[in-house]
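I have placed the structure first, in the form of structure tokens, so that the comments after it can refer back to it.
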């Protein structure tokens with residue numbers, strides 16, 4: 001979105017459900033519980049929702065399925081499926097729809113029961129025809145090859161990758177909502193089973209159940225709700241490929257472009273951001289996105305994360321809920337980057353609450369580093 | 001293969017004859033892969049087919065770890081051909097973990113999942 005839409009919409013409710021294991025519930029059950037939680041947070045009812053922004057892993061018309069399940073008849077829907085980044089991307093379309101009067105209450109929602117249903121990634125996505133014969137393990141082989149290339153070009157080490165997982169766990173240990181809260185050392189990460197060289201199982205995100213939801217309204221009524229509003233100051237997407245074999249440069253993601261445009265729309269820079277919530281499907285993601293979003297130079301991401309520098313008490317708070325690596329990862333994690341960023345700004349983060357956060361960044365990743373979406377959120381003070 | 005004129009059919013049809021054909025744009029001269037009805041570089045639609053040199057280098061690589069009883073570990077990599085295009089494949093003839101970035105490789109038509117496919121072996125150069 002452009003600077004004209006800066007601050008035109010605000011998050012007035014967030015919610016989640018089914019973190020960890022949601023025994024006996026379907027993905028749509030978890031979706032609906034998440035919706036109720038977010039609407040309750042906003043002091044609104046399902047019958048108030050007239051804009052629905054949703055995609056799910058299981059089928060090809062999820063927004064319609066969700067509306068039907070929820071018993072609502074929205075006048076605006078967006079079910080754009082760009083993978084886990086979809087829910088950050090909906091901040092743009094929701095803001096546009098709200099600003100244009102196409103809806104008054106926008107609900108972004110997601111749910112999954114992949115852990116209790118199957119224990120692995122459930123997806124309706126078909127393997128690409130020219131990659132499938134070689135049987136890559138989706139999606140880890142793609143991220144492993146990006147990590148291998150980053151190590152080759154910049155000397156990034158497995159220890160530095162491991163430190164991303166260790167930092168995520170250190171945040172998660174303070175978060176009662178996080179699924180994995182046990183101690184984790186660099187040696188633990190390096191010493192466990194390798195699943196796709198150079199990544200071990202601890203370089204990979206969790207496989208959990210869970211859902212999340214966000215309620216947005218136009219800024220002019222954002223202060224009429226129980227919680228402090230969190231404004232969407234900028235959001236932008238860039239899509240570079242679908243298949244990993246088509247990625248032009250395995251060490252540079254489209255986050256460079258999405259980030260630059262989101263920062264421009266918000267009128268801030270990386271140096272202004274107080275909490276950074278990145279889609280960490282694998283440890284290499286955090287390194288790539290810190291570089292591409294401008295928190296450090298290209299190739300310096302490994303050194304940037306080393307030795308607790310993005311852990312509690314470090315130089316930059318990254319993935320303050322524990323991220324997809326240690327908090328929750330129900331197939332698609334993107335919505336939780338927005339929820340954690342919003343809660344840090346509101347002051348009701350479930351784990352470590354940073355002091356006086358006015359500006360936070362949420363970054364979604366979709367496919368195999370394919371879709372990058374960056375959002376800048378701000379408090380009332382930033383308008 | 002009657003009326004098999006689509007780009008994917010041409011590529012797959014050549015593989016069944018043991019040939020590796022690559023699509024090349026007549027307008028801008030650039031190769032592309034995967035096959036399609038337009039050039040992704042200049043968006044021209046005059047596409048011709050050229051015999052691949054088969055020479056390339058491993059751009060990046062991974063080992064998919066798999067239990068021995070299920071067939072054991074195997075290589076997945078992305079190779080950049082001398083024509084400038086990249087494709088997913090695997091390098092055969094060496095251990096999956098021995099496949100290295102920048103390794104010179106040569107293409108051959110082998111079999112993957114029961115169908116003809118482009119595979120690679122280390123080059124003798």
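Protein chains in written order, with this note's numbering: chain A, 1 to 383; chain B, 1 to 125. Built from N, CA and C at the ideal position, the CB exists for glycine as well.
Proximity test, Cβ basis, 8 Å: residue 91 (chain B) and chain A: no
Boundaries (first-last residue) of the beta strand (DSSP E) holding residue 16 (chain A): 9 to 20
Within-8 Å CB hit, residue 285 (chain A) to chain B: no
Rounded straight-line distance, which links the Cα of residue 281 (chain A) to that of residue 348 (chain A): 25 Å
Test: residue 97 (chain B) CB closer than 8 Å to a CB of chain A: yes
Rounded C-alpha distance that separates residue 371 (chain A) from residue 83 (chain A): 7 Å
Any beta strand (DSSP E) of 3 or more consecutive residues that is wholly inside the stretch 138 to 202 of chain A: 194 to 196
Touch test, the stretch 51 to 64 of chain A against the stretch 105 to 113 of chain A, Cβ-Cβ under 8 Å, three pairs minimum: yes
Among A:248, A:179, A:237 and A:193, the one whose alpha carbon lies nearest that of residue 350 (chain A): A:179
Contact the stretch 250 to 268 of chain A vs the stretch 29 to 49 of chain A: 3+ CB pairs below 8 Å: no
Three-pair Cβ contact test at 8 Å for the stretch 211 to 218 of chain A versus the stretch 21 to 40 of chain B: no
Residue 149 (chain A) at chain B interface by Cβ criterion, 8 Å: yes
Residues of the stretch 140 to 172 of chain A whose Cβ lies closer than 7 Å to any Cβ of chain B, in chain order: 141, 144, 145, 148, 149 and 152
Residue 101 (chain B) at chain A interface by Cβ criterion, 8 Å: yes
Rounded C-alpha distance that separates residue 183 (chain A) from residue 200 (chain A): 17 Å
Cβ of residue 127 (chain A) within 8 Å of any chain B Cβ: no
Rounded straight-line distance, which links the Cα of residue 137 (chain A) to that of residue 144 (chain A): 10 Å
Where residue 80 (chain B) sits in the DSSP three-state scheme: strand
Inside the stretch 249 to 337 of chain A only - beta strand (DSSP E) runs reaching at least 3 residues: 275 to 278
Chain-ordered neighbours of residue 70 (chain B) on chain A, where CB pairs are closer than 9 Å: The premise fails here: residue 70 (chain B) is roughly 11 Å from chain A at the closest Cβ pair, so nothing lies under 9 Å.
Against chain B: residues of the stretch 104 to 131 of chain A by CB proximity under 9 Å: 128, 129, 130 and 131
Beta-carbon contacts of residue 357 (chain A) that lie in its chain and below 7 Å, excluding the five residues immediately before and after: 274, 275, 344 and 345
CB contact below 8 Å: residue 113 (chain B) versus chain A: yes
For residue 8 (chain B), three-class secondary structure by DSSP: helix
Below-8 Å beta-carbon distance, residue 105 (chain B) vs any chain A residue: no
Three-state secondary structure (DSSP) of residue 120 (chain B): strand
The stretch 122 to 139 of chain A / the stretch 82 to 90 of chain B touching (three or more Cβ pairs under 8 Å): yes
Counted within 10 angstroms of its Cβ, other Cβ atoms place residue 59 (chain A) as buried (16 or more) or exposed: exposed
Contacts around residue 1 (chain B), its chain only, beta-carbon distance under 8 Å, and the 5 residues preceding and following it disregarded: With a pLDDT of only 47 at residue 1 (chain B), under the threshold of 50, the placement of this residue in the model should not be trusted, and no figure is reported.
Min CB distance residue 57 (chain B) to chain A below 8 Å: no
Separation of residue 157 (chain A) from residue 189 (chain A), as counted between CA atoms: 13 Å
Bridge partners - residue 377 (chain A), DSSP secondary structure assignment: A:232 and A:360
Residue(s) in a DSSP beta bridge with residue 204 (chain A): A:282
Members of the stretch 9 to 42 of chain B near chain A, C-beta cut-off 7 Å: 34
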